[in-house]
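In UniProt numbering, the protein residues as written are 1 to 328.
Backbone N, C-alpha and C fix where the C-beta goes; we use that ideal spot for every residue, glycine too.
What follows is a set of notes on a single structure, which appears directly below.
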C-alpha cells in the first residue's frame, strides 16, 4: 500500500492529505492498481475536455463511489460537470446570497456547527417542520437546492481543509445529525419529496462525504422500516448510520463534545444569535482558515488588469518601414 502520487498540474494542497488510520482506497493506502486508475481516470476526463477538479483526492472519491470502476467513475464525473454547467454553480458560488434562510428555518433548519470527536464538521437538519407549500411561498425549490449545493461546495473548501489542518490529518467527510422529531405519517410524503431531491445532489454529485449519520427522535416503528431499508444499501453506508430514539443525547455525546452540540439537541452550546446562524467552526479560526480556492479564483478574476507598458520610442524611419499593426 502506498501514498497517492501527486500531480504537479492539479494537486496543490495546503492541508494534510493522509488519514490517521489506513482506509482501503484512500490516500496513504492505495494499491498500485488503484493508483494507476487515478491516472487513467484523469487522462480520460482530459480527453473529454475537462480541466477543472482533476486533483487526485477528488478523483479518488469518485472512484471509491464506483468501486474503482474507471468507466463508471468517469460517467459520474461527467454527469456532475454537466450538472454544474446547467445550474451555473461555479458562477453563482462566489456571490451567492440566501436572505430567505431565517424564514425557511422556521420550517426546515440546515446548518453546520463546530466539529465531532474526529474533527469533522457537524451538519444538522430538522425535518419535522417541513411544509413545502409554505416554504415555496418564501423561496423556490430551485433556490433551496442551489443553496444546498453551495453549502456542499463550502464543505469541500473551506470547511474540510480547515478541519484537516486543525486535526493534523486528512478529513473528507462530515458528521450529520438528522432530527426526525415531528415527522408524522401525514408529513412523510412532503419530507420524502424534498429529501429525495436533496439526496440526488448529495449522492450523484458529492460522493464520499458521509462520515457518520445520526437519525435522532426516530418515530415508533422506524426501526422496523429501517431493518428492511438497510438491506437495499451498501454495507459500508449502513455502518455509518445510527438510528436513535428520543433518548439519543448520551449516545450523541460519545461522538460529539457536549460543548459542540446546540442546547436544543442536549448539548451545552448557546451561540449568540442562535447556533443555526453562527456557522461556528475551525473554518472561521484564523489559525486554520484559508481563503477557499473558488474565492481566490473570483478575486483574481475581479482584479483590474495591469495597464499595458508604454511602447518603446522608435525612430521615425523605423515607423515608416514597419507600419504593420501589432497583433491584438
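| Check | Outcome |
| --- | --- |
| For residue 86, name the three-state secondary structure that DSSP assigns. | helix |
| In three-state DSSP terms, what is residue 126? | strand |
| Tell me the residue span of the beta strand (DSSP E) that contains residue 117. | Unbroken run through residue 117: none, as it is neither H nor E. |
| Taking the runs of the beta strand (DSSP E) that are 3 residues or longer, which of them lie wholly in the stretch 214 to 264? | 241 to 243 |
| How would you write the range of the beta strand (DSSP E) that residue 174 sits in, first residue to last? | 174 to 179 |
| Enumerated in chain order, which unbroken segments of the beta strand (DSSP E) with a length of 3 residues or greater are wholly contained in the stretch 142 to 216? | 174 to 179 and 210 to 216 |
| If I follow the unbroken alpha helix (DSSP H) through residue 292, where does it start and stop? | Residue 292 -> no alpha helix (DSSP H), and no H or E assigned at all. |
| What residues in its chain sit with their C-beta under 8 Å from that of residue 318, if we drop five residues either side in the sequence? | With a pLDDT of only 38 at residue 318, under the threshold of 50, the placement of this residue in the model should not be trusted, and no figure is reported. |
| What first and last residue would you give for the alpha helix (DSSP H) that runs through residue 51? | Premise fails: residue 51 is in no alpha helix (DSSP H) and is neither H nor E. |
| Residue 101: which of 198, 132, 277 and 183 sits nearest, CA to CA? | 277 |
| Applying the criterion that 16 or more other CB atoms from any shown protein chain within 10 Å of the CB defines a buried residue, is residue 121 buried or exposed? | buried |
| Compare the beta carbon distance of residue 162 and residue 294 with 8 Å and say whether it is the shorter of the two. | no |
| Residue 164: buried (16+ other C-beta within 10 angstroms of its C-beta) or exposed? | buried |
| Can you give me the Cβ contacts of residue 282 inside the same chain, cut-off strictly under 6 Å, excluding the 5 residues immediately before and after it? | 162, 163, 166 and 288 |
| Straight-line CA distance for residue 170 to residue 25? | 14 Å |
| Quickly, what does DSSP pair residue 110 with across the bridge? List them, please. | 125 |
| When DSSP labels each residue in this structure, what does residue 280 get in the three-state scheme? | coil |
| If we count Cβ pairs, one from each stretch, closer than 8 Å, do we get three or more for the stretch 197 to 206 versus the stretch 137 to 152? | yes |
| For residue 134, which residues does DSSP report across the bridge? | In DSSP, residue 134 forms no bridge with anything. |
| Name the residue from 168, 71, 137 and 152 whose alpha carbon lies nearest to the alpha carbon of residue 210. | 152 |
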